[in-house]
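Positions in the sequence shown are counted from 1; adding 112 to them yields the numbering used here.
Report on the following structure.
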Amino acid sequence: IKPGFMVQNPEWMPLPAFQDLFKSAGWRVFYPEKSTQPASLYSSAWLSQNWLQIDEKTIIIEEKEVEAKRCLESLGIKCIPIPYRYNYELFGSLHCSTLDLKREGTKQDYGFKEDYETDGVATRVGYKSIKTGGGIGIC
């Protein structure tokens, strides 16, 4: 969500190699409460983490996802709640149902190494690793 801060779904943990990647880069991991909103027909209750991030300080979020909003606000993120729940059944939430934003600025170094053991064929054919800053918190 911003350099050095990651919100992680506590029920869908990444592989240990990826957990170590963020830890070794000094990132803090935060685990939000599960949404009290019911899961949609095509997704889980964790759709609450499918928000649209505008910048490091601002996120657009579905207005009924109060647990995720509370977590983000505790981390200093400004949340812009909008009514979007009915869209869950058709297109998912905000991130999945919108186009990617074109970001301005330069690439930043967030503490990651250039190469990792888990890098796949994409790295070997000329793609560069994304350089992106280790505790654990609960929102």
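Cβ atoms here follow ideal geometry from the backbone N, Cα and C, with glycine treated the same way.
Predicted model, so just to flag it, every value in this text is computed and none were measured.
Distance, residue 193 Cα to residue 125 Cα | 27 Å
Give the straight-line distance between the Cα atoms of residue 118 and residue 141, rounded to the nearest whole angstrom.
-> 5 Å
Where in the region 157-187 do unbroken runs of the alpha helix (DSSP H), each at least 4 residues long, occur, reported from the N-terminal end onward?
-> 178-186
Less than 7 Å separating the beta-carbons of residue 146 and residue 170?
-> no
Buried versus exposed call for residue 96 [16 or more other C-beta atoms within 10 Å across all chains shown] | A query on residue 96 cannot be resolved here, the shown segment of the chain reaching from 113 to 251 and no further.
Roughly how many whole angstroms lie between the Cα atoms of residue 208 and residue 154?
-> 13 Å
Nearest-angstrom beta carbon gap, residue 200 and residue 159 [assumed within contact, 8 Å] | 6 Å
CB contact flag (residue 174, residue 198, <7 Å) | no
Drop a sphere of 10 angstroms on the beta-carbon of residue 122, count the other beta-carbons inside from all chains shown, and report buried for 16 or more, exposed for fewer.
-> exposed
If we count the other Cβ atoms within 10 Å of its Cβ and call it buried at 16 or more, is residue 180 buried or exposed?
-> buried
Secondary structure at residue 154, three-state DSSP: helix, strand or coil?
-> coil
What does a CB cutoff of less than 7 Å around residue 152 pick up in its chain, not counting 5 residues either side in sequence?
-> 159, 200, 201
Inter-residue Cα distance where the pair is residue 220 and residue 115 = 9 Å
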